[in-house]
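Undergrad: One structure coming up, written as structure tokens, with questions to follow.
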Amino acid sequence: ATLQEQGWPAFDPALAAEDAVTYAVQVNGKLRGQVQVPVDMPEEEVKALAAKDEKVSAHLEGKTVRKVVFVPKRLVNFV
2 ATLQEQGWPA FDPALAAEDA VTYAVQVNGK LRGQVQVPVD MPEEEVKALA AKDEKVSAHL
62 EGKTVRKVVF VPKRLVNFV
């Protein structure tokens with residue numbers, strides 16, 4: 002078959018869907034690390050994983066976290 006006889010490829014949403022997402026992790030508004038997690042991971046698990054990251058935990062050590070800002074599929078900010 003020649004190129005002229007070929008049809009256009011069909012869009013498959015299953016192939017376009019991402020299975021992992023990268024969160025920016027901030028402490029007091031300053032970028033301190035990134036974590037990559039599955040798209041369907043619950044919010045509380047993402048926060049716990051972000052807090053355990055060694056770069057982030059070094060900045061949280063000895064401080065009281067008053068609030069955690071969570072933006073789905075984008076950001077975790079410990080204030």
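In terms of my numbering, the sequence shown is residues 2 to 80. C-beta atoms are modelled at their ideal positions from N, C-alpha and C, and glycine is treated no differently. Only a predicted model underlies this, so the values are computations on that prediction, with no experimental measurement involved.
Do V80 and K48 count as a contact pair if the criterion is CB distance below 8 Å?
TA: No.
Undergrad: Can we say the segment 27-35 touches the segment 49-57, given the rule of at least three CB pairs closer than 8 Å?
TA: The segment 27-35 vs the segment 49-57: in contact.
Undergrad: Hey, out of E6, E62 and L76, whose CA is closest to E45's CA?
TA: Closest by alpha carbon: L76.
Undergrad: Determine the extent of the beta strand (DSSP E) in which A18 is found, giving its start and end residues.
TA: Here A18 belongs to no beta strand (DSSP E), and DSSP marks it neither H nor E.
Undergrad: Which residue or residues does DSSP assign as beta-bridge partners of G34?
TA: The partner list for G34 (beta bridge, DSSP) reads V26.
Undergrad: With DSSP as the reference, label V66 as helix, strand or coil.
TA: V66 falls in the coil class under three-state DSSP.
Undergrad: Taking only the alpha-carbon atoms, compute the straight-line gap between G30 and T65 and give it to the nearest angstrom.
TA: Near 15 Å, if we compare the C-alpha coordinates of T65 and G30.
Undergrad: Any idea if A15 is buried or exposed, counting beta-carbon neighbours within 10 angstroms, 16 or more meaning buried?
TA: A15 is exposed by the Cβ-count criterion.
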